[in-house]
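Enquirer:
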Amino acid sequence: MVQIATARPFVFDFDPKTTALIVIDMQRDFIEPGGFGETLGNDVSLLQAIVPTTAKLLALCRAHGLPVIHTRECHKPDLSDLPDAKRDRGQPSLRIGDPGPMGRILVAGEDGADIIPQVYPIADELVIDKPGKGAFYATSLADHLAQRGIKTLIFAGVTTEVCVQTTMREANDRGFECLLIEDATESYFPAFKTATLDMIRAQGAIVGWTATYAELAAAFND
Ligand code: C5J
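And the structure:
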């Protein structure tokens, strides 16, 4: 077992043999200048700040043999998996499926929907394309984790209060122990990130635990 004695809200133990890392939606459209996130009026430099730590987290988990799963929020080219209730939200200058600076916005196979090169999947790492905010909705993720005997999930990625938090709640409902790496997740809204971290670990880790990358690395003796 590996123990993070200083995790929040209290000590977090996990068995690396039954633990996987899930990196949520580190896509060009959310993180790079000129992508969908920026067209929504967001400052993408906030998200860019976690890229080096997320890359280190990937290297740490790979070095310790943890399975790594990446997700991409994207839709089929015919948009048959995009409900109006999602497409019509907000007042962006571009909507999902529209042609944007990096191809059609959040459409599978387009440049903007791909993962940024700094944290790109390697070898046989699973990449899950998901039409929803949660990575369990309408995907094979639950089956994949069950086949591999995974019981604990370490989370990173963007955005903290949307796709990361939704997936953590889905995972918690399905019986997984969840740990979010605080400095490998980010929001366009710093107050939302702070509130989400507080919500996750409130009431005795009602959704899960949080810790920094350094705390996780120290627990692995790295
Ligand atoms: C958003 C996400 N923010 N990956 N997607 O719509 O959090």
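According to UniProt numbering, the sequence shown is numbered sequentially starting from 1. Cβ coordinates follow ideal geometry from the N, Cα and C atoms, glycine included. Note that the coordinates shown come from a computational prediction; the quantities given were computed from them, not determined experimentally.
#1: Okay, do the segment 100-120 and the segment 142-155 touch, 3+ Cβ pairs below 8 Å being the bar?
#2: From the DSSP output, read off the bridge partner residues of residue 156.
#3: Looking at the strands, I want to know which residues DSSP matches up with residue 99.
#4: Have a look at 160, 207, 199, 210 and flag the residue whose alpha-carbon is nearest the alpha-carbon of residue 187.
#5: Using C-beta distances below 8 Å, list every residue in its chain close to residue 18, excluding the 5 sequence neighbours before and after it, in chain order.
#6: Let's test the definition: count the other Cβ atoms within 10 Å of the Cβ of residue 4 and tell me whether it reaches 16, buried, or not, exposed.
#7: Give every residue whose Cβ lies closer than 7 Å to any heavy atom of the ligand C5J, listed in chain order.
#8: I'd like to check one pair, residue 158 with residue 47: are the Cβ atoms closer than 7 Å?
#9: Quick check for students: name the residue ranges of the beta strand (DSSP E) that lie wholly in the segment 110-151, counting only runs of 3 or more.
#10: Given the structure, does residue 136 come close to the ligand MG, in the sense that its CB is under 6 Å from one of the ligand's heavy atoms?
#11: Work out the CA separation of residue 140 and residue 133 for me, nearest whole Å.
#12: So the beta strand (DSSP E) residue 4 belongs to, where does it begin and stop?
#13: Please state if the CB of residue 111 and the CB of residue 100 are separated by a distance shorter than 7 Å.
#14: Is residue 163 helix, strand or coil by DSSP?
#15: Rounded to whole angstroms, what's the CA-CA distance from residue 73 to residue 166? Just pull it up for me.
#16: Tell me the rounded alpha-carbon separation between residue 109 and residue 217.
#17: Near residue 34, what residues of its chain come up, given a Cβ to Cβ distance below 6 Å and the 5 sequence neighbours on each side ignored?
Expert: Inspection of the coordinates gives the following:
#1: No: fewer than three Cβ pairs fall under 8 Å.
#2: Secondary-structure assignment with DSSP links residue 156 through a beta bridge to 23.
#3: Per DSSP, the beta-bridge partners of residue 99 are 104.
#4: That would be 160, whose Cα lies nearest to the Cα of residue 187.
#5: Same-chain partners within the cutoff: 149, 150, 151, 152.
#6: Residue 4 comes out buried.
#7: The filter returns 24, 25, 30, 73, 133, 158, 159, 162, 163, 164, in chain order.
#8: The answer is yes: Cβ separation under 7 Å.
#9: Taken in chain order, the whole beta strand (DSSP E) runs of length 3 or more contained in the segment 110-151 are 126-130.
#10: Within the structure as shown, the ligand MG is missing, the only ligands being the ligand C5J.
#11: Those two C-alpha atoms are separated by around 15 Å.
#12: Looking at the DSSP string, the run of the beta strand (DSSP E) that includes residue 4 is 2-4.
#13: Not closer than 7 Å, so no.
#14: Helix at residue 163.
#15: If you draw a straight line from the Cα of residue 73 to the Cα of residue 166, it is about 13 Å long.
#16: C-alpha separation (whole angstroms): 34 Å.
#17: Sequence-distant partners of residue 34 (beyond 5 residues in either direction) whose C-beta falls short of 6 Å from its own C-beta, in its chain, are 101.
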